[in-house]
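Have a look at the structure below before the remarks.
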Amino acid sequence: MSAVQRANTWEISDSEEESDENKPSSSRVILVQDTCTNESNTSAASRSSSAPPEHSISAAGEKRSSRRTREELEIRRAAREKQRQEKNKLKEEKLQEQQRRKEAAVRVSLLKPENLIKSLTVQIHAALLRDAGCDVLLGTLDGLQWRNRIENQGLPNNSISWTRQALQTEDEAKNGVIEEDQVLMVISHNEFEDMVMSHKTATNQSAPIGDVYEGAESLLQHLYKYLNKTSRKFVTILVISHQQRSGSWDEDDFQNHLETEELLVHLQLYWNVTVNFLFGWQEVTDHVVAVTKALSKRPYKALCGDPDLGFCMDGSWSAGVRVDRDGHGLAQVWTRQIQQLNRVSPALAKSVTSAYPSPSLLLQTYEELPSEEERCRLLADLAVVGGAKERRVGPELAGRIHRLITSQNPHLLLD
Numbered sequence: 001m002s003a004v005q006r007a008n009t010w011e012i013s014d015s016e017e018e019s020d021e022n023k024p025s026s027s028r029v030i031l032v033q034d035t036c037t038n039e040s041n042t043s044a045a046s047r048s049s050s051a052p053p054e055h056s057i058s059a060a061g062e063k064r065s066s067r068r069t070r071e072e073l074e075i076r077r078a079a080r081e082k083q084r085q086e087k088n089k090l091k092e093e094k095l096q097e098q099q100r101r102k103e104a105a106v107r108v109s110l111l112k113p114e115n116l117i118k119s120l121t122v123q124i125h126a127a128l129l130r131d132a133g134c135d136v137l138l139g140t141l142d143g144l145q146w147r148n149r150i151e152n153q154g155l156p157n158n159s160i161s162w163t164r165q166a167l168q169t170e171d172e173a174k175n176g177v178i179e180e181d182q183v184l185m186v187i188s189h190n191e192f193e194d195m196v197m198s199h200k201t202a203t204n205q206s207a208p209i210g211d212v213y214e215g216a217e218s219l220l221q222h223l224y225k226y227l228n229k230t231s232r233k234f235v236t237i238l239v240i241s242h243q244q245r246s247g248s249w250d251e252d253d254f255q256n257h258l259e260t261e262e263l264l265v266h267l268q269l270y271w272n273v274t275v276n277f278l279f280g281w282q283e284v285t286d287h288v289v290a291v292t293k294a295l296s297k298r299p300y301k302a303l304c305g306d307p308d309l310g311f312c313m314d315g316s317w318s319a320g321v322r323v324d325r326d327g328h329g330l331a332q333v334w335t336r337q338i339q340q341l342n343r344v345s346p347a348l349a350k351s352v353t354s355a356y357p358s359p360s361l362l363l364q365t366y367e368e369l370p371s372e373e374e375r376c377r378l379l380a381d382l383a384v385v386g387g388a389k390e391r392r393v394g395p396e397l398a399g400r401i402h403r404l405i406t407s408q409n410p411h412l413l414l415d
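Residue numbers (UniProt numbering): 1 to 415.
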C-alpha cells in the first residue's frame, strides 16, 4: 500500500477562475510539501525500525573486548607461571650442582694423604710387646701422632695391621671401619728357623701344601690358618736379626741353605707372602712408617687415576707447541726436542737451536764434515748463554745430539 496520499481533485468554477489564477501554484506547492513530508516521515520510521540501537552495539563491543582482555591476561599469567617454574627449576639444579661439587670437594679433601693418615690406626699384636725393641716402634708412632692400638684378637701372632675410618660413600665398611689388606708379621731369627724346620717336616711327610698337623703348631702353621680364612690379605714377614749384616744378610745362615730357599719360594708362589730380612727394630719401624704412608696415599691415587705415562703431566713444559701455517713455532719444537735429552737445560738447548735453527741445517753441516770425530765435536764449543759462569755445550752432549740426528737405529741408547 503506498504511503503517499494523493490530493482530491478540485473543481473550479468559471467565476473563480480569474480570481484564482494566481493561487494554483501555491496550492500545488502545499500539496507537494505535504506529500514530501509524509514520505520523509515514512522513510525515517522504516529506517528507525530496521537499524539496531546504538547502545546494543556498544555493549556487544565492550563484551568482546573484555573477553579478549581476560584471555590475554590468562595467557600472560600462564607465561609468567611457566617462566617462574623454569627459573625455580634452574635455581634448584644449580643448588644441587653446587651441593654435589661441595660434597666432591669434601670427599677429595678427606682422601688426601695428609688428612687420611689421621684416620689410619696401626694395630699391633700384644705378643710383640714381649720384645723390648717394640718400644722404638711405639715411640715413633706416638711422636708422629699416629693412632695405634694394641690388639690380641683377630690378628695373627706377632703381626701388625692397619684399619681406617670409612667414608660415607664406601659400602664395604664393617661397623664404619675398613681393614687394609697389608699385614706385617714380625718374627725373630730363631722363629724363622722354626718355620723352616716346620716346612721341612711337612715336605718330608709328603703333606699337601698348607696342611696343619696335630701337636705343637709353629708360626708357619698359624700363618697358613690365617691365610686360609682371609684370602685377600697380603702378608709380609719381617725377620729381625740383631747382628749387623755386610752386603747381603747372613748369607751363610739363610741364603745358602736349601731349606731356607725352598721356604721362600714356597711362600712366594703358593701364598703370595714375601720375606724381608731386617736389622733391629729401627728398620722395622722405618718399614712400618713407609707402609703407613703408602696406605694413606692409595685412596687418593685411586680417585685421581694413574696416568698412562710415568711422569707428571702438569705444567706448561708438558704442553704441546702450536705451529702455524707460516712455520711460526717450529723453532720452539726444535728446542723442545733437544731439551728432551737427559741433563739438558732450556738455556743449553736454546744455544744449540740458535746456532742451527732447524734439524735439516744441523744434518747438512754434519754431512759436510769429513770425519766422524769432527761431527761428534761440532757442537762442543758452543757457548751457553745464561747463568753466572760461562759454560759450553761440551763433547758429551755434542755426541748425544749427533747420535740423535744421524743414527738410524731406533733402539740406540743416546745416554
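In this text, a Cβ means the ideal position worked out from N, Cα and C, and glycines have one as well.
May I ask which residues mark the beginning and end of the beta strand (DSSP E) holding residue 179? Position 179 of the sequence shown, counted from the first residue, corresponds to residue 179. Run containing residue 179: 177-188, per the beta strand (DSSP E) assignment.
Ends of the beta strand (DSSP E) at residue 125? Within the sequence shown, the letter at position 125 stands for residue 125. Start and end: 120-125.
Using 10 angstroms around the beta-carbon of residue 325, count the other beta-carbons present and answer buried if the total reaches 16, otherwise exposed. One-based indexing of the sequence shown puts residue 325 at position 325. It counts as exposed.
Which of helix, strand or coil DSSP assigns to residue 236: The sequence position of residue 236 within the sequence shown is 236, counting from 1. Three-state DSSP puts residue 236 in a strand.
Between the CA atoms of residue 322 and residue 139 - distance to the nearest angstrom: For this step, residue 139 is matched to residue 139 along the sequence shown. For this step, residue 322 is matched to residue 322 along the sequence shown. Distance between the alpha carbons of residue 139 and residue 322 is about 56 Å.
Taking contact to mean at least 3 C-beta pairs separated by less than 8 Å, is the stretch 275-290 in contact with the stretch 124-141? Short answer: they touch.
Looking only at its own chain, which residues have a Cβ that is under 6 Å from the Cβ of residue 419, when we skip the five neighbours before and after it? Not covered by the structure: residue 419. The range shown for the chain is 1 to 415.
Out of 412, 399, 236, which has the shortest C-alpha to C-alpha gap to residue 156? Residue mapping note: residue 156 aligns to position 156 of the sequence shown, counting from 1. Residue nearest to residue 156 within the set 412, 399, 236 is 236 (criterion: CA-CA distance).
Residues near residue 195 by beta carbon distance below 7 Å, same chain, minus five either side: Locating residue 195 in the sequence shown gives position 195, counting from the first residue. So the list reads 218, 219, 220, 263, once near-sequence residues are dropped.
For residue 239, which option in 95, 274, 367, 96 has the closest C-alpha, if you only look at C-alpha atoms? Counting from one through the sequence shown, the residue named residue 239 turns up at place 239. Ranked by Cα distance from residue 239, the first of 95, 274, 367, 96 is 274.
Alpha carbon to alpha carbon, how far is residue 301 from residue 359? Give it in angstroms, no decimals. Numbered from 1 along the sequence shown, position 359 holds the residue referred to as residue 359. Numbered from 1 along the sequence shown, position 301 holds the residue referred to as residue 301. Answer to the nearest angstrom: the Cα atoms are 40 Å apart.
DSSP three-state label for residue 111, please. Looking up residue 111 in the sequence shown gives position 111. Here residue 111 carries a helix assignment [DSSP, helix/strand/coil].
Near residue 178, what residues of its chain come up, given a Cβ to Cβ distance below 6 Å and the 5 sequence neighbours on each side ignored? As a working mapping, residue 178 is identified with position 178 in the sequence shown. So the list reads 164, 166, once near-sequence residues are dropped.
Supposed contact pair residue 380 and residue 357 - C-beta distance, whole angstroms, cut 8 Å: Reading the sequence shown from its first residue, position 357 is the one you call residue 357. Reading the sequence shown from its first residue, position 380 is the one you call residue 380. With 8 Å as the limit, residue 357 and residue 380 do not qualify as a contact, their Cβ atoms being about 19 Å apart.
How is the alpha helix (DSSP H) around residue 152 delimited, first residue to last? Here residue 152 corresponds to residue number 152 of the sequence shown, with the count starting at 1. Run containing residue 152: none; DSSP gives neither H nor E here.
Of all the options 96, 77, 122, 98, which has the alpha carbon lying nearest to the alpha carbon of residue 295? Taking the sequence shown and counting its residues from 1, the one referred to as residue 295 is at position 295. Just measuring C-alpha positions, the residue of 96, 77, 122, 98 sitting nearest residue 295 is 122.
Give me the DSSP bridge partner(s) of residue 84. For the purposes of this step, residue 84 is identified with residue 84 of the sequence shown, where counting begins at 1. Residue 84 is not bridged to any residue.
Quick one: what's residue 277 bridged to in DSSP? As a working note, residue 277 is residue 277 in the sequence shown. Beta-bridge pairing links residue 277 to 239.
Given this structure, state the Cα-to-Cα distance separating residue 158 from residue 222, to the nearest angstrom. Position 158 of the sequence shown holds residue 158. Position 222 of the sequence shown holds residue 222. Using only the alpha carbons, I get a separation of about 11 Å.
In the structure shown, what three-state DSSP assignment does residue 384 receive? Residue mapping note: residue 384 aligns to position 384 of the sequence shown, counting from 1. DSSP, reduced to helix, strand and coil, places residue 384 within a strand of the structure shown.
Which residues share a DSSP beta bridge with residue 422? Absent from the model: residue 422. The displayed extent of the chain is 1 to 415, so no value can be given.
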